[in-house]
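Chains as they are written, first to last, in this note's numbering: chain A, 52 to 165; chain B, 42 to 153.
Structure, rendered in structure tokens:
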């Protein structure tokens, strides 16, 4: 069964460092997302991406965050200068097309900022 | 307001019993709902979805009920098994084009 894959599964970084989290969405999907989950809390929306541009973003997704689809398969989330409060599990997700279609999540990248 | 942090509603059931997990959603305009299962350290896993033109949908061992009048969603798991132990989230969206909004989650513990 096709799945969303994410790397790395876990990254520890120093505060102020840049981090890139990578995702390979399901191949025929058109919409891509990043969500995050702080330990013990609910999953929160960060950004959605369609047709090579951001379609929507939340208040969390400030200037420190950016997304990119550098080629036909990868979808990345960059955090420019990490803060302690960026420590969370980051989930990539994708869905096939418009309308009410299921969103599939990856296994997550656990980011620890020290 | 919403509670945040480590406190999650917990439901403990005996193996073999039926489980009912409830969710109150926030947006009356939402018309597509999904239940996800999240095991420790893993991503949300799709269980079942329902559109607002339905009030019930059945899957394998799972049933989702939707009550739009009171903005309530429930997930019923029949013959609960130890492998069902996880945190369950409901999520809502409008026409699938707005971002999924997740509920707080319920931890299901199955007692063998």
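The beta carbon of each residue, even a glycine, is placed where N, CA and C say it ideally should be.
As the structure is a computational prediction, the values presented were derived from the model and not from experiment.
Run the CB neighbour count on residue 87/A, radius 10 Å, all protein chains shown included, and call it buried at 16 or more, exposed below. Buried, by the Cβ-count rule.
Cross-chain neighbours of residue 58/A in chain B, by beta carbon under 8 Å: Near residue 58/A there are no residues of chain B at all, since even the closest Cβ is about 13 Å away, more than 8 Å.
Does any residue of chain B bring its CB to less than 8 Å from the CB of residue 119/A? At least 8 Å separates the CB of residue 119/A from every CB of chain B.
Against residue 123/B, what residues of chain D qualify as contacts under a CB-to-CB distance less than 8 Å, listed in chain order? The structure shown has no chain D; the protein chains it does contain are A and B.
Could you confirm whether any beta carbon from chain B is found closer than 8 Å to the beta carbon of residue 111/A? For residue 111/A, the answer is no, since every Cβ of chain B falls outside 8 Å of its Cβ.
Closer than 8 Å to chain A by CB, residue 180/B: As displayed, chain B neither begins before 42 nor continues past 153, which places residue 180/B out of reach and without an answer.
Near-chain A residues of the segment 122 to 150 of chain B (beta-carbon distance less than 9 Å), N- to C-terminal order: Within the segment 122 to 150 of chain B, contact with chain A at the beta-carbon level (separation under 9 Å) is assigned to 130, 132, 134, 136, 137, 138, 139, 140, 141, 142, 143, 144, 145, 146.
Alpha carbons only, please: which of 58/A, 95/A, 152/A is nearest the one belonging to residue 111/A? Nearest neighbour of residue 111/A by Cα position, chosen from 58/A, 95/A, 152/A, turns out to be 95/A.
Please classify residue 66/A as buried or exposed, where buried requires at least 16 neighbouring CB atoms within 10 angstroms. By the Cβ-count criterion, residue 66/A is exposed, with fewer than 16 other Cβ atoms from all chains shown falling within 10 Å of its own Cβ.
In whole angstroms, what separates the C-alpha of residue 104/A from that of residue 56/B? Straight across, the Cα-Cα distance linking residue 104/A with residue 56/B is about 47 Å.
Look at the alpha carbon of residue 155/A and the alpha carbon of residue 91/B, and state the distance between them as a whole number of angstroms. If you take the alpha carbons of residue 155/A and residue 91/B, they lie about 15 Å apart.
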